[in-house]
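So the structure is just underneath, and the comments pick up after that.
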Amino acid sequence: MGDGLDAADDAPLATSKHEFAAAEAVAGTLPGAKGATLTSRAVTINRPSADLFAYWRDFSNLPSFMDNVERIDVISSTRSHWVVKAPAGKTVEWDAVITEEVEGELIAWSSQEGADVPNSGRIEFRDAGARGTVVIVTILYDPPAGFIGKVVAKMFQREPAIQARGDLRRFKQLMETGEIATASRTRAQLEAEQN
1 MGDGLDAADD APLATSKHEF AAAEAVAGTL PGAKGATLTS RAVTINRPSA DLFAYWRDFS
61 NLPSFMDNVE RIDVISSTRS HWVVKAPAGK TVEWDAVITE EVEGELIAWS SQEGADVPNS
121 GRIEFRDAGA RGTVVIVTIL YDPPAGFIGK VVAKMFQREP AIQARGDLRR FKQLMETGEI
181 ATASRTRAQL EAEQN
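Read left to right, the sequence shown gives residues 1 to 195 (UniProt numbering).
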C-alpha cells in the first residue's frame with residue numbers, strides 16, 4: 001500500500017506500527033482533528049455502555065479518575081475548559097468543543113485555537129455482551145516543545161499515552177467497584193515505620 005500501512009494488518013488504525021500514517025488515517029475520521037502524535041487505549045469494563053457513557057459525559061466526573069486533570073470547567077453543553085498538570089509543576093490549559101456525539105456510544109472533541117497542547121480525539125463505548133463494554137480512547141496531540149517535550153513528559157509520567165493507560169485503569173476500578181484502589185501506605189509512612 002502506498003500509505004505505509006501493512007495491507008495484512010487488520011488491527012485498528014490507532015494501534016498501527018506506522019504512527020504517522022495511522023495518525024493521518026485517524027485524523028481523517030475526527031471532525032476538527034488537531035495533533036500529529038497518536039495514542040489509543042482500550043479496556044473492557046463490566047458495566048453497561050449507557051452507564052459508562054453517562055458518567056464520562058458529565059465532565060465534572062473526569063477529575064475523579066484522571067490523575068493529571070486538575071479541573072474541568074463546563075462552559076456549555078458542548079464546550080469545556082481543561083487545566084492539566086504538566087512536568088516541572090506547571091499546568092497546561094485549553095478549551096475543548098464536542099465535535100460529534102452519539103448517545104451511549106461516542107464522544108469526539110477538538111481543542112480550540114490557542115490550546116497549550118493542541119489535541120483532538122474520541123471515546124467509544126462498544127457493547128461486549130456479557131463482558132460489559134469495551135471503552136476505546138483515541139487521542140491526537142502535539143506535545144509542547146515537540147519531541148523534547150514528549151521525552152520530558154514521559155519522564156514525569158505526564159505524557160498522554162501514559163496518562164490514558166492509567167486513567168482507563170482507574171475508570172474501570174471506579175465503575176466496577178465504586179472506588180479506586182490505592183497503596184495502603186505511602187512511602188513516607190513505610191520509612192517512618194522502618195526507623
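Note that CB positions come from ideal geometry on N, CA and C, so glycine has one too. Source: prediction; values computed, not measured.
Tell me, please, which residues DSSP counts as bridged to residue i.
| i | result |
| --- | --- |
| N119 | Y141 |
| E100 | A108 |
| H124 | The sequence shown places Glu at residue 124, not His. Answer is L106 and I136, bridged to E124. |
| L38 | L140 |
| D95 | H81 |
| G72 | A small fix is needed here, since residue 72 is Ile in this sequence, not Gly. Beta-bridge pairing links I72 to W82. |
If I measure Cβ to Cβ from residue i and keep anything under 7 angstroms in the same chain, skipping five residues before and after, which residues do I get?
| i | result |
| --- | --- |
| I180 | F65, R170, Q173 and L174 |
| D73 | S80 and H81 |
| L52 | I45, F125, T133, V135 and M175 |
| D127 | S49 and T133 |
| W109 | A96, V97, I98, T99, S120 and G121 |
Using 9 angstroms as the limit for Cβ to Cβ distance, is residue i near chain C?
| i | result |
| --- | --- |
| Q173 | Note that chain C does not occur in the displayed structure, where there is just one protein chain. |
State the DSSP-derived secondary structure class of residue i, mapped to helix, strand or coil.
| i | result |
| --- | --- |
| V152 | Reliability fails at V152, whose pLDDT of 42 lies under 50, so the model's placement of it is uncertain and the value that follows must be treated cautiously. In this structure, V152 counts as helix in the three-state DSSP scheme. |
| S77 | coil |
| K85 | strand |
| A130 | helix |
| T44 | strand |
| T181 | In the sequence under discussion, the amino acid at residue 181 is Ala, which differs from the Thr named in the question. Residue state, collapsed to three classes: coil. |
| M175 | helix |
| F53 | helix |
| F59 | helix |
| F147 | The pLDDT assigned to F147 is 46, lower than 50, so where the model puts this residue is not dependable; a value taken from the coordinates is nonetheless given after this. Here F147 sits in helix by DSSP. |
| G114 | coil |
| D67 | coil |
Can you tell me the Cβ-Cβ gap for residue i and residue j, rounded? I've got them flagged as a contact below 8 angstroms.
| i | j | result |
| --- | --- | --- |
| S49 | G104 | 5 angstroms |
| V97 | V84 | About 17 angstroms; that fails the 8 angstroms criterion. |
| I107 | R57 | 6 angstroms |
| V137 | R41 | 5 angstroms |
| T39 | I139 | 5 angstroms |
Here's a check: name, in chain order, each residue in its chain whose Cβ is nearer than 6 angstroms to the Cβ of residue i, leaving out the five neighbours to either side.
| i | result |
| --- | --- |
| S111 | K34, W94, A96, P118 and N119 |
| T78 | V97 and I98 |
| Y55 | N61 |
Keeping to the same chain, check which residues put their C-beta closer than 8 angstroms to that of residue i; ignore five residues upstream and five downstream.
| i | result |
| --- | --- |
| residue 217 | One cannot answer for residue 217 here, as it falls past the ends of the chain, which runs 1 to 195. |
| Q163 | M66, D67, N68 and Q157 |
| R165 | R41 |
Original post:
So, do the segment 165-177 and the segment 62-77 have three or more beta carbon pairs nearer to each other than 8 angstroms?
Top reply: yes
Original post:
Is the segment 117-134 close to the segment 89-108, with three or more CB pairs under 8 angstroms?
Top reply: yes
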